[in-house]
Amino acid sequence: MQKWFLKNRNAENYTAVKNIVKDDLLAKVLCNRGIVEEGEVIDYLNDDYSLIYRTEGLPDLEPARKTIKDAIENHMKIRIVGDYDSDGIMSTTLLLRSLKTFGAETSFEVPDRKQDGYGINKRIVDGCIKDDVSVIITCDNGVSAFEAVKYAKDNGIKVIVTDHHLPKIEDGKEISVEADAIIDPKVEKSSYPFKDICGAFVAFKLITYISKDYEFNADLIDEITQYAAFASVTDIMPLLDENRDLIKRGLELINSRPAKAFYHLKNELKVDKEINVFHIGFILGPSVNAIGRLSNANHAIAAFESYDDDKIIAICKELYALNQERKDLTELGYEVAIKEIEADENFLDKDVIIVKSKDIERSVAGIVAGRLKERYYRPAIALYEEDGVLYGSARSIEEYNLFDELSKAKDLLSGFGGHKLAAGLELKLDNYDKFVTFINNNSNLTDEDKIEKIYIDAFYPIDFQKFSIFDTIEKLKPFGEKNPDVLFADKDLVLKDISVFGQNRNVIKLKFRTKLDNIMTAILFYKEDELKKDYEDEFNSDIYRDLASGKEIIMDICYNLRINEYMNNKNLEINVKHFRFRR
């Protein structure tokens, strides 16, 4: 269920903003997004990339610089310990490429997702001891790795933690790892003004800071900017403040002079258009993430940092194949989960959707949970069962803080970690029923919370859309988390015809008659079966039969604008994002 709202925020600032931008729609959207001060408006619409290189306020950069400089000057070994997701892969590659350029004797290791789980551990530290490593640098992990960091320190290894996750809190107090440096914008001693940056961007900041000691050419800066930007998209960082600048600059570089990893990746995945946030978030990024889910991320990092074309092409082919496997596993897990959930007639009475199955592959549990959250608009937890233990992932809606709620249930869990909207967890099978009961009985969600809110930027009949409107929208890009594409709405459209395309029958062309008696078409990316079910649930009738009989079907739509290019022809395309039927 959804509620639609037409945004009209900061209306009192509209005239002033319009005087700056000289455009009605642009002024309205900026006001709706809280960008109303003259300086903010100018910064938002102009390319000033200075914030990308901001380091002031990040803690422990100076002790980290001294430790790294000492290691380089004394030919001491440095090992980077990353993570198996896209952010971790990009962080590790970024640090490797940079530190080797600075002359460091650098190696790396990423934990195996299934054997090791997340983050630096004793096995990895033992490898460092064996290889006579003097300095460990973590990236995208480490801020809560108490045992592993202490073990490294006890064995004479210096540890620099670079991370972006929340530190551990006990009884209202922050508990810190015993590292030589902790570079994390979210720790208590940080005064960094913008907290929501990814692990690769934190690593980028460290390299930016220490680069004053070394020759740092423009090509390398451009390369590592791309890694940090790519990771910021795949880790779903908000496109605000310096993140927006970073991603904008990163996209420019990926499209004009891409790092070899991205050049070959987009070729192997047959992305022949200009790369944007969508391509990274839904095509390239999932392929990079797939190797950490289903294989070993170390292979990808070794290829990317080698800058060897043949190695990179080979790993990109592997990424493509693994991502196809990931899609199949996700679809299987999702279908199994829906059957399990909807077998319970009262499942919608529960605030939190929790499902377990041996058919939900552990490596895709987070994706399955995310799709369940979108389908039912409530928190969802997908669990994989193995040898009496449940491993899984959770995804949440804005109104429900996952980390806080799992903290309340910690006595029933073997372990958990994450943040407000996403988490991983582990529990014994024997505790499953107690956990489900506890989580739902202690939920503070209201019925209103479980209704998805859709916020519309402007009511704009599809008859009046034109290329100049799209030109205005272009000024607001890149779009993504917290900076969504401009959402328009139109109503009282009479549905005249439906055409379905695609191998999975999930591309639907809708033909409408508008209130001005024009015939217009729009594209809806949605499964045909689900469209039919939505209509049947609403009217207890078949949509195709009603169309054939001439019965009037009215639709309201929310939509984005796209440019569709084919055979050198450009057409404006209406992309339906939300819809509702009326009679």
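For the sequence shown, full-length UniProt numbering begins at 1 and goes up steadily by one.
C-beta atoms are modelled at their ideal positions from N, C-alpha and C, and glycine is treated no differently.
* Asked: Below 8 Å, can you find three or more Cβ-Cβ pairs linking the segment 485-497 to the segment 454-465?
  -> yes
* Asked: What are the complete beta strand (DSSP E) segments, minimum 3 residues, inside the UniProt domain "DHHA1" (351-440)?
  -> 353-357, 380-386, 389-395, 415-418, 422-428
* Answer with buried or exposed for His75, where buried requires no fewer than 16 other C-beta atoms within 10 angstroms of its C-beta. => exposed
* To do: Report the option in Ala229, Phe194, Ser211 whose CA atom is closest to the CA atom of Thr101.
  => Ser211
* **Own chain residues within Cβ distance below 7 Å of Leu58, not counting five before or after** => Ile183, Pro185, Ser190, Tyr192, Lys205
* To do: In angstroms with no decimal places, state the Cα-to-Cα distance between Asp241 and Phe194.
  => 8 Å
* Please list the segments of the alpha helix (DSSP H) lying wholly inside the segment 526-555, counting only runs of 4 or more residues, in order along the chain. => 528-539, 543-548
* Please determine if the segment 399-413 and the segment 353-360 are in contact, where contact requires at least 3 C-beta pairs separated by less than 8 Å. => no
* **Cross-strand partners of Glu573 (DSSP beta bridge)** => Arg562
* Pick helix, strand or coil for Asn32, following the three-state DSSP scheme. => helix
* Asked: Where do the N-terminal and C-terminal ends of the alpha helix (DSSP H) with Ser468 fall, by residue?
  -> 467-474
* Pull up the distance between the alpha-carbon of Lys434 and that of Lys317, whole angstroms please. => 44 Å
* Asked: So what does DSSP say about Lys130, is it helix, strand or coil?
  -> helix
* How do the segment 116-132 and the segment 250-265 stand: do at least 3 beta-carbon pairs fall below 8 Å, yes or no? -> no
* Asked: Taking Cβ positions, are Val143 and Pro167 nearer each other than 7 Å?
  -> yes
* Asked: To which residues of the same chain is Lys18 closer than 7 Å at the C-beta, ignoring the five residues directly before and after it?
  -> Asp24, Ala27
* Asked: Mind checking whether Leu372 and Ala380 have CB atoms under 7 Å apart?
  -> yes
* Roughly how many whole angstroms lie between the Cα atoms of Lys482 and Cys31? -> 14 Å
* Residues bridged to Gln2 [DSSP beta-bridge criterion] -> Glu452
* Asked: Are Ala259 and Glu223 close, meaning C-beta to C-beta below 7 Å?
  -> yes
* To do: Closer than 7 Å by C-beta to Arg257: which residues in its own chain qualify, once you throw out the five before and the five after it? Chain order, please.
  => Asp222
* **Helix, strand or coil at Ala489 [DSSP, three-state]** => strand
* **C-alpha gap between Leu265 and Ile554, whole angstroms** => 44 Å
* Could you name the residues that DSSP lists as bridge partners for Leu510? => Ile498, Ala522
* Would you kindly check if the distance between the Cβ of Leu402 and the Cβ of Ser396 is under 7 Å? => yes
* **Cut-off 6 Å between Cβ atoms - residues of its own chain near Ala300, not counting five sequence neighbours on either side** => Ile89, Ile291, Ile315
* Asked: The alpha helix (DSSP H) with Phe102 in it runs from where to where?
  -> Careful: Phe102 lies outside any alpha helix (DSSP H) and carries neither H nor E.
* To do: May I have the straight-line CA-CA distance separating Val202 from Ile175, to the nearest angstrom?
  => 20 Å
* Drop a sphere of 10 angstroms on the beta-carbon of Gln503, count the other beta-carbons inside from all chains shown, and report buried for 16 or more, exposed for fewer. => exposed
* Flag this pair as yes or no: are the beta carbons of Ile80 and Thr92 separated by less than 7 Å? => yes
* Using the C-alpha atoms, what's the distance from Ile169 back to Ala181? -> 19 Å
* Asked: With distances taken between CB atoms, is the gap from Pro478 to Val277 smaller than 7 Å?
  -> yes
* Evaluate contact between the segment 512-532 and the segment 562-578, counting only Cβ atoms and requiring at least three cross-stretch pairs below 8 Å. => yes
* 4-residue-minimum alpha helix (DSSP H) runs that sit fully inside the segment 251-295, ordered along the chain -> 260-268, 285-294
* Asked: Going by the C-beta, is Glu528 closer than 6 Å to any heavy atom of the ligand ADP?
  -> Because no ligand of any kind appears in the structure shown, any question about the ligand ADP cannot be addressed here.
* Asked: Short check: CB of Ala302 to CB of Ile160, under 7 Å?
  -> no
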